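**Student:** Got a structure for you, questions after.
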Amino acid sequence: MAMSDTAIIRRRSLHDELAAQLRDMLVSGELRAGDKISEQSLCTRFGVSRTPLREALKVLANEGLLILSPNRGASVARVSPEEVDELFPIMGAMEALAGEAACARATDADVAAVQALHDDMIRAYQAGDAVAYLRLNRQIHETFFDIAGNHALLQLYHTLMVRIHAVRFIAQKSSARWREAVEDHEAMMAALKARDGVRLGAILKEHLRHKAAMVHESLGPAGSQAAE
C-alpha cells in the first residue's frame, strides 16, 4: 500500500471517530438543540486539527444533526413539531419490536440486569436526581435492544436516537409527566418479567406517545426544546 493511501485511510478513520464522538455528545445532552459548536474547544478536547473536525461536522450536517452557516460556523439542529409527529411513531414501532424480541430472548440474568437499572432509576426519581434518572432511563431502553439481539434494528435505533436527542432525554418535565414516565417503566418491568412481548410492545408504543405529547407541550409558541 502506498504511503499516500495509508494517510488517506488514517484521515478518514479520524474524522469518522470524531463524528462518532460528536454523536455521543448529542445523545448524552452535552450538546443541545441550538448550541453553537466551538471548533477551538473541540480541537483542544480531542487533540486534533480543524481539518478532520470540520470533515466530521460536515458528516453530521449531512445527517441533519447540525446546521452549517456561512461565516457563523456549525450549530446543533432543532427538531420541529412536524418532525416529532414523523419520528416518534417510528421510534415507538422500533421499541415495540425490540420489546417483543427481548421478551422472547431474555434470560433470568437479563431480567435481573434490567430490574437493577430500574431500581436505580426509581431511587434517582425519588431523590429528584434528573441527571442520574435520564442516564438510567436511556440505559434501560438501550438494554431492550441489546437483549433483542437484532443488530440491524439496533443500528436503526441509534441513528434515530441521535436525530431526536434534543427532545427525548434532555428534560424539563412537570412532576405529573415525570410520574407518568415512571409508571410506564413500572408497567414495562411487569411485562418483561412475565415475558409478555405483546404487552411490553404496547406499553413502549404508549410510552413514546406520552413523550411526543410532552414534546409538543414543551415546544410551545416559543419553540423551546425539552424532553422526556
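Sequential numbering from 22 applies to the sequence shown in the numbering used here.
The C-beta atom is built at its ideal place from N, Cα and C for all residues, glycine as well.
Predicted model only: the values in this text are computed from it and were never measured.
1) Tell me, please, which residues DSSP counts as bridged to S96.
2) For the alpha helix (DSSP H) containing T180, name the first residue and the last one.
3) Going by C-alpha to C-alpha distance, which of A130, K226, I58 and H179 sits closest to G120?
4) Can you give me the start and stop residues for the alpha helix (DSSP H) that R198 sits inside?
5) Grab me the residues of S96's own chain with a C-beta within less than 8 Å of its C-beta, minus the 5 sequence neighbours each way, in chain order.
6) Check whether the region 127–144 and the region 176–186 are in contact - that is, three or more C-beta pairs closer than 8 Å.
7) How many whole angstroms separate the CB atoms of A137 and A169, which I take to be in contact at a CB cut-off of 8 Å?
8) How is A127 classed by DSSP in three states: helix, strand or coil?
9) Helix, strand or coil: how does DSSP classify S34 here?
10) Along the alpha helix (DSSP H) that carries E163, what are the first and last residues, could you check?
11) Could you check if E51 is buried or exposed, using at least 16 other CB atoms within 10 Å of its CB as the buried criterion?
**Tutor:** Quick look at the numbers:
1) S96 is bridged to K57 and I88.
2) H172 to R184 is the span of the alpha helix (DSSP H), which, as asked, contains T180.
3) Of the listed residues, the one whose Cα sits closest to G120 is K226.
4) It spans S196 to K214 - the alpha helix (DSSP H) in which R198 sits, taken as one unbroken run.
5) Sequence-distant Cβ neighbours of S96 in its own chain, meaning closer than 8 Å and more than five residues away, are G55, D56, K57, I58, L87, I88 and S90.
6) By the criterion of at least three beta-carbon pairs nearer than 8 Å, the region 127–144 is not in contact with the region 176–186.
7) Rounded to the nearest angstrom, the Cβ distance from A137 to A169 is 19 Å, too far for a contact under 8 Å.
8) Here A127 sits in coil by DSSP.
9) If DSSP states are grouped into helix, strand and coil, S34 belongs with the helices.
10) Segment A151 to A169, the alpha helix (DSSP H) holding E163.
11) Exposed, by the Cβ-count rule.
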